[in-house]
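Q: Structure in structure tokens, see below.
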Amino acid sequence: MLDLTYETPKPKIIAGAKHDWELVIGMEVHAQVSSNAKLFSGASTTFGAEPNSNVAFVDAAMPGMLPVINEFCVAQAVKTGLGLKAAINLRSAFDRKNYFYPDQPAGYQISQLYHPIVGEGEVIVDMGPGIARCVRIERIHLEQDAGKSIHDMDPALSFVDLNRSGVALMEIVSRPDIRGPEEAAAYILKLRQILRYLGTCDGDMQNGNLRADVNVSVCRPGDYERYRETGDFSHLGTRCEIKNMNSTRFIQQAIDVEARRQIAILEAGGQVDQETRGFDPDKGETRSQRSKEEAHDYRYFPDPDLLPLEIEQAWVDDIASTMPELPDAKKARFMGDFGLSDYDASVLTAEVEAAAYFEAVAAHADGKLAANWVINELFGRLKRDEKDIADSPMSPEQLAGVIALISKGDISGKIAKDLFEIVYVEGGDPAKIVEERGMKQVTDTGAIEAAVDEVIAANPAQVEKAKANPKLAGWFVGQVMKTTGGKANPKAVNEIVAAKLGL
Amino acid sequence: MMSELTKMGLADARDALAKGETTSVELTGAFLEAIEASGALNAYVHKTPDLAMTRAKAADEARARGEAGTLNGLPIGIKDLFCTQGVDSQAGSRILEGFKPEYESTVTSKLWDAGAVMLGKLNMDEFAMGSSNETSVYGPAVNPWKAEGSDAALTPGGSSGGSSAAVAADLCLAATGTDTGGSIRQPAAFTGIVGLKPTYGRCSRWGIVAFASSLDQAGPMTKSVRDAAIMLTAMAGHDPKDSTSADLAVPDFEAMLTGDIKGQTIGIPREYHMDGMPEEIEVLWSRGKEMLQDAGAKIVDISLPHTKYALPTYYVIAPAEASSNLARYDGVRYGRRAKLGQGDSITDMYDKTRAEGFGAEVQRRVMIGTYVLSAGFYDAYYNRARRVRTLIKKDFEDAFAAGVDAILTPATPSSAFGIGEMASADPVQMYLNDVFTVTVNLAGLPGIAVPTGLDSRGLPMGLQLIGRPWEEGALLNTAYALENAAGFVAKPSKWW
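Note that the protein sequences, when read in sequence, are chains A and B. In terms of the working numbering, the first sequence opens at residue 1 and continues consecutively. In terms of the working numbering, the second sequence opens at residue 504 and continues consecutively.
Written out as structure tokens, the structure reads:
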């Protein structure tokens, strides 16, 4: 078992006019399932298609059309559940959530209220080296996405695009275990990371493929602990749900302003109303969308078109056997096997592609050097080109080749950076390039001694100063490196300079 | 000659076509002519004569090539609830005005694949909600039967009233129906024909406009038990497009009709003796018992103790599902949309469209369904009804486990009543028509109505046989024995 011990972070405290307040946050994350076809139809899920082109008869709720469950989407939900160390329910069922809206063509959404496919799990949210929050997952259920209403194409008409109607979503419901805006952002990013590792959701927040409803309440210090001890929600404040957030920045802003709004109400002797609110990033405020009184009565009931979903343990085991290594395990392994720092291991495991790249480099080179080169040089270079690691023009083998030349002492660090740029832009075998372009570092002490003698002879005043202050020896080293075009072995130059100056 | 052709049953017509005694074109022509003259019955609501003749010709050509299907060239009628590609499919409702599906229901596809010829779409209660065809947007279909000495128009039953009227009046060889609470069996009993509701899941529901998804089931309405067996063989079968359709092989049901029921045990449920039931129905039921006994069956009294809860249970579950199933009729994508005023919102569009698109009975059931599913009432109504449903199902399972092969009951509490007769009655009076049939839907069992006699007014009456799940073959065979013993041959005298 990997050692993943961590300390729990302190909750965010907001000082009110009268006293301190703590935040309590729970999130419902809607993750679009990565799948070619919709949850209950064979229609494509491709993003950006012509409006209403990816629509099967059942997605448009034509009379007499029936849903048929897409087994792949079920497998994806199971895989996600396993990735969140959650219980898989071998028997789950679909319910209808009834409400009228033009982009909800059947007048109901098929969801799983009473018997979700995935039960309790957890997500470890890293909040710094050795510090992490364990957020409990209450459940994950499968449901259909709605279509899209478009109100700004015509002054008098609204349009509806059903391409998204029926696309599979996983709703990942957390317990109210998130204790501050930063933790909320870190939580959704950690979920995103796990989902992307699993390949069950692409995590594209900009296009709404990953979005969250954020439940925010405030309480006095100590109340949360009382809730955790007893499970009694009455220790917590009344919550408001901020709908449909798809940016970590806005999630943090919204939580902060919503908490302050609630604190102001409470300190003025008022009561927070349980309601649904929307966040307006331009005005930096949340606004009421629907109060409890206006809340829909969704009239949930078991969908009679679908039999209960029964899966077998053997099938779950098959999926379990195909699980990739997940971020926490990979990070711990990178720290253990390669001696990486917590920070470097976190950076390298943020994206599964980057982690794979690093491992491929580290297979042929020193792990720590590999980490430095991947994080500092390669990531920086790719960022400049606005490229993803998957599109890197430089292969892990090429980068390993550059690093190997440093380790062997064939090139200096400075030359290595030049070599990196050449290989990145032009391609080719690093060792050959070094050979062909005469970039090999000079380790011939005779040649270095001559160069050192030359510099000493030309700068008598500097020699005197250096003898008084040995730190100035570095100036000589720099001069020698310059005259040798950077090819002299720095270690040898250092030693010879020190000897010649009698330091 | 023409009218002689239409008097044939499905099996007779099939044999006549096979022997070359007639052609599908000739047979179809005869039916089209009969349909043209049948306006007073209001059975057909969308006629498809051109399509019928095209298919008839194709069927004759297929036969000439030696490629005749089991229903090759046989003209039939289709309940308006079935989606038929390019042909109006309105479910008897104003809200589906002008709706021509781009797809064909699985059941009708199977019928066409077997070579059947569609004559047109048949009248029905709106969204299959009704027992007299009076909730239809097309106006009621009329029963070809009249009481002796009376000219009053009678109901052909409902919801498959167009189907029952058309079969009884020789306006098709057979028809499709659907049965959610008795909508095949009650109209069959009212018109002196055979109506079979198969086991839930035997026929695909794909492409059939949904009323109550956990109860709806398509089935045949025919002039004889043999014809029902032939039709069911063609209609039934697993459909991957319907998750509730059973993955079971479909036997040749006609081949199972031996008429031999010796040693079969027939249960007589004591709870089906209803207060106020006409004496004639009681007598009919007793006669049925005797007939089956004479045919070698053993008659046993049984108890189905939860029967009295069936009707209230049904009238919670069916409206609940319907309220959700009918939410899609919102005027947005197809069918009728109300004319809107300046500044009307989307909610106004829903309200106006549904107010003018749905009739009173549909609105009543949508409201009942919405109520029983609403927060605070869900457990008291819907959940309780689901639990009672389980008990009703268990009543039957216990009876079958005790060795009962089939259960004999009346099909309806009365013979056909007059159109308009129930207009001012409490809606519950109308719902009582389903009292003997809803249990079968709640339990998902196969049930068949067989005409067994005429009452003192000369109107047909039927008995119902209920079978074990998936054993339609055995059920049809018992019905066949009952049919043989009853020897019901009466036909309505033509007045239309």
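Glycine included, each C-beta is placed from N, C-alpha and C at the ideal position. Remember, it's a predicted structure, so these values are computed and weren't measured experimentally.
1) Is there at least one Cβ from chain A nearer than 8 Å to Trp998 of chain B's Cβ?
2) Between the region 249–263 of chain A and the region 168–185 of chain A, do at least 3 Cβ pairs fall closer than 8 Å?
3) Can you find a CB in chain A that lies within less than 8 Å of the CB of Ser824 of chain B?
4) Beta-carbon within less than 6 Å of Ile784 of chain B's beta-carbon, same chain only, minus the 5 sequence neighbours each way: which residues are those?
5) For Gly107 of chain A, decide whether its Cβ has a neighbour in chain B, counting only Cβ atoms nearer than 8 Å.
6) Hey, is the region 402–415 of chain A in contact with the region 484–494 of chain A, meaning 3+ C-beta pairs nearer than 8 Å?
7) Would DSSP call Trp573 of chain A helix, strand or coil?
8) Could you tell me which of A:Gly208, A:Ile150, A:Met439 and A:Ile124 sits nearest to Asp177 of chain A, measuring between CA atoms?
9) Looking at the C-beta of Tyr885 of chain B, does it have a partner C-beta in chain A at a distance below 8 Å?
10) Do you know offhand how far Thr747 of chain B's Cα is from Asp256 of chain A's?
11) Determine, using beta carbons only, whether Lys560 of chain B comes closer than 8 Å to chain A.
12) Quick check on the burial criterion: 16 or more other C-beta atoms within 10 angstroms. Buried or exposed for Ile13 of chain A?
13) Determine the closest residue to Ala691 of chain B out of B:Glu824, B:Leu544 and B:Pro963, with distance taken between C-alpha atoms.
14) What in chain A is Cβ-close to Cys706 of chain B, meaning under 7 Å?
15) So which residues of chain B does Leu307 of chain A contact, with C-beta pairs closer than 8 Å?
16) Using 8 Å as the cut-off, can you tell me whether the region 15–27 of chain A makes contact with the region 213–222 of chain A, which would need three or more C-beta pairs spanning the two stretches below that distance?
17) Count the other CB atoms, across all protein chains shown, that sit within 10 Å of the CB of Ser996 of chain B; report buried if there are 16 or more and exposed otherwise.
18) Classify Met1 of chain A: buried if its beta carbon has 16 or more other beta carbons within 10 angstroms, exposed otherwise.
19) Using only the alpha-carbon positions, how far apart do Ala519 of chain B and Val590 of chain B sit?
20) Report the residues of the region 867–895 of chain B with a CB closer than 7 Å to any CB of chain A, ordered along the chain.
21) Identify the contact partners of Val712 of chain B in chain A, using a Cβ-Cβ distance below 8 Å as the criterion.
22) Specify the secondary structure class of Gln262 of chain A as computed by DSSP and reduced to three states.
23) So, under 8 Å CB-CB, Ala537 of chain B and Ala668 of chain B are touching, yes? Tell me the CB distance rounded to an integer number of Å.
24) Which residues in chain B have a C-beta closer than 9 Å to the C-beta of Asn98 of chain A? List them in chain order.
25) Please classify Glu241 of chain A: does DSSP put it in a helix, a strand, or coil?
26) Val68 of chain A touches chain B at which residues, Cβ-Cβ below 9 Å?
27) Could you give the first and the last residue of the continuous beta strand (DSSP E) run that contains Asn215 of chain A?
28) Note down the Cα distance separating Leu162 of chain A from Ala49 of chain A, rounded to an integer number of angstroms.
29) Is it true that the region 817–833 of chain B meets the region 101–108 of chain A, where meeting means three or more beta-carbon pairs spaced less than 8 Å apart?
30) Give a yes or no on whether 8 Å exceeds the smallest Cβ distance from Asp513 of chain A to chain B.
31) Give the DSSP-derived three-state secondary structure of Val712 of chain B in the structure shown.
32) When the cut-off is 8 Å and only beta carbons count, does Phe47 of chain A lie next to chain B?
33) Grab me the residues of Ile319 of chain A's own chain with a C-beta within less than 7 Å of its C-beta, minus the 5 sequence neighbours each way, in chain order.
34) Against Trp973 of chain B, what residues of chain A qualify as contacts under a CB-to-CB distance less than 8 Å, listed in chain order?
35) Between Met870 of chain B and Pro822 of chain B, what straight-line distance do the alpha-carbon atoms span, to the nearest angstrom?
36) When the cut-off is 8 Å and only beta carbons count, does Leu599 of chain B lie next to chain A?
A: On the basis of the data shown:
1) Position 495 of the second sequence, counted from the start, is the residue given in the question as residue 998 of chain B. No, no contact with chain A.
2) yes
3) Residue numbering aside, residue 824 of chain B sits at position 321 when the second sequence is read from its first letter. The residue asked about is misnamed: residue 824 of chain B is Glu in this sequence, not Ser. It does: the Cβ of Glu824 of chain B has a partner Cβ on chain A nearer than 8 Å.
4) Against the second sequence, residue 784 of chain B aligns to sequence position 281. The answer, listed in chain order, is Pro913.
5) Locating residue 107 of chain A in the first sequence gives position 107, counting from the first residue. So, interface residue.
6) yes
7) Residue coverage of chain A in this structure runs from 1 to 503, which leaves residue 573 of chain A outside it and unanswerable.
8) As a working mapping, residue 177 of chain A is identified with position 177 in the first sequence. Asp177 of chain A has its Cα closest to that of A:Ile124, out of A:Gly208, A:Ile150, A:Met439 and A:Ile124.
9) As a first step, residue 885 of chain B is located in the second sequence; it is residue number 382 there, counting from the start. Chain A contact via Cβ: present.
10) Within the second sequence, numbered from 1, the residue matching residue 747 of chain B stands at position 244. Within the first sequence, numbered from 1, the residue matching residue 256 of chain A stands at position 256. In a straight line, the C-alpha of Thr747 of chain B is about 49 Å away from that of Asp256 of chain A.
11) Within the second sequence, numbered from 1, the residue matching residue 560 of chain B stands at position 57. Not closer than 8 Å to any Cβ of chain A, the Cβ of Lys560 of chain B fails to qualify, so no.
12) Taking the first residue of the first sequence as 1, we reach residue 13 of chain A at position 13. Exposed is the call here.
13) On the second sequence, position 188 is the one that residue 691 of chain B refers to. Here the closest residue by C-alpha is B:Pro963.
14) Locating residue 706 of chain B in the second sequence gives position 203, counting from the first residue. The premise fails here: Cys706 of chain B is roughly 13 Å from chain A at the closest Cβ pair, so nothing lies under 7 Å.
15) Taking the first sequence and counting its residues from 1, one reaches residue 307 of chain A at position 307. Chain B residues near Leu307 of chain A: Ser746 and Thr747.
16) yes
17) Counting from 1 along the second sequence, the entry for residue 996 of chain B is found at position 493. So Ser996 of chain B ends up on the exposed side.
18) Counting from one through the first sequence, the residue named residue 1 of chain A turns up at place 1. Confidence is the limiting factor: at Met1 of chain A the pLDDT is only 37, short of 50, which leaves the residue's position unreliable, though a coordinate-based value still follows. Per the 10 Å Cβ criterion, exposed.
19) Here residue 519 of chain B refers to the residue found at position 16 when the second sequence is read from its first residue. Here residue 590 of chain B refers to the residue found at position 87 when the second sequence is read from its first residue. So the alpha carbons of these two residues sit roughly 29 Å apart.
20) Thr873, Leu876, Ser877, Ala878 and Tyr885
21) Taking the second sequence and counting its residues from 1, one reaches residue 712 of chain B at position 209. Those within 8 Å of Val712 of chain B in chain A are Pro63 and Gly64.
22) Start at 1 with the first residue of the first sequence, and residue 262 of chain A comes out as number 262. Helix.
23) As a working mapping, residue 537 of chain B is identified with position 34 in the second sequence. As a working mapping, residue 668 of chain B is identified with position 165 in the second sequence. About 12 Å; that fails the 8 Å criterion.
24) Position 98 of the first sequence, counting from 1, holds the residue named residue 98 of chain A. Going along chain B in sequence order, the residues near Asn98 of chain A (Cβ under 9 Å) are Ser826, Ser827, Ala830, Thr873 and Leu876.
25) The count along the first sequence starts at 1 and reaches residue 241 of chain A at position 241. Glu241 of chain A falls in the strand class under three-state DSSP.
26) Within the first sequence, residue 68 of chain A is the residue found at index 68, counting from 1. Correct list: Pro743, Lys744, Asp745 and Ser746.
27) Translated into the one-based positions of the first sequence, residue 215 of chain A becomes position 215. Where Asn215 of chain A is concerned, the enclosing beta strand (DSSP E) stretches over Leu210 to Cys219.
28) Numbered from its first residue, the first sequence carries residue 162 of chain A at position 162. Numbered from its first residue, the first sequence carries residue 49 of chain A at position 49. So the alpha carbons of these two residues sit roughly 11 Å apart.
29) yes
30) A question about residue 513 of chain A goes unanswered here, because the residues of chain A that appear run from 1 up to 503.
31) Mapped onto the second sequence, residue 712 of chain B falls at position 209. If DSSP states are grouped into helix, strand and coil, Val712 of chain B belongs with coil.
32) If you number the first sequence from 1, residue 47 of chain A lands on position 47. No, no contact with chain B.
33) Residue 319 of chain A sits at position 319 when you count from the first residue of the first sequence. Excluding sequence neighbours, Ile319 of chain A sits near Ala75, Val78, Lys79 and Leu82.
34) Here residue 973 of chain B refers to the residue found at position 470 when the second sequence is read from its first residue. Those within 8 Å of Trp973 of chain B in chain A number zero; the least Cβ separation is about 16 Å.
35) Residue 870 of chain B sits at position 367 when you count from the first residue of the second sequence. Residue 822 of chain B sits at position 319 when you count from the first residue of the second sequence. Those two C-alpha atoms are separated by around 8 Å.
36) On the second sequence, position 96 is the one that residue 599 of chain B refers to. Yes, Leu599 of chain B counts as interfacial toward chain A.
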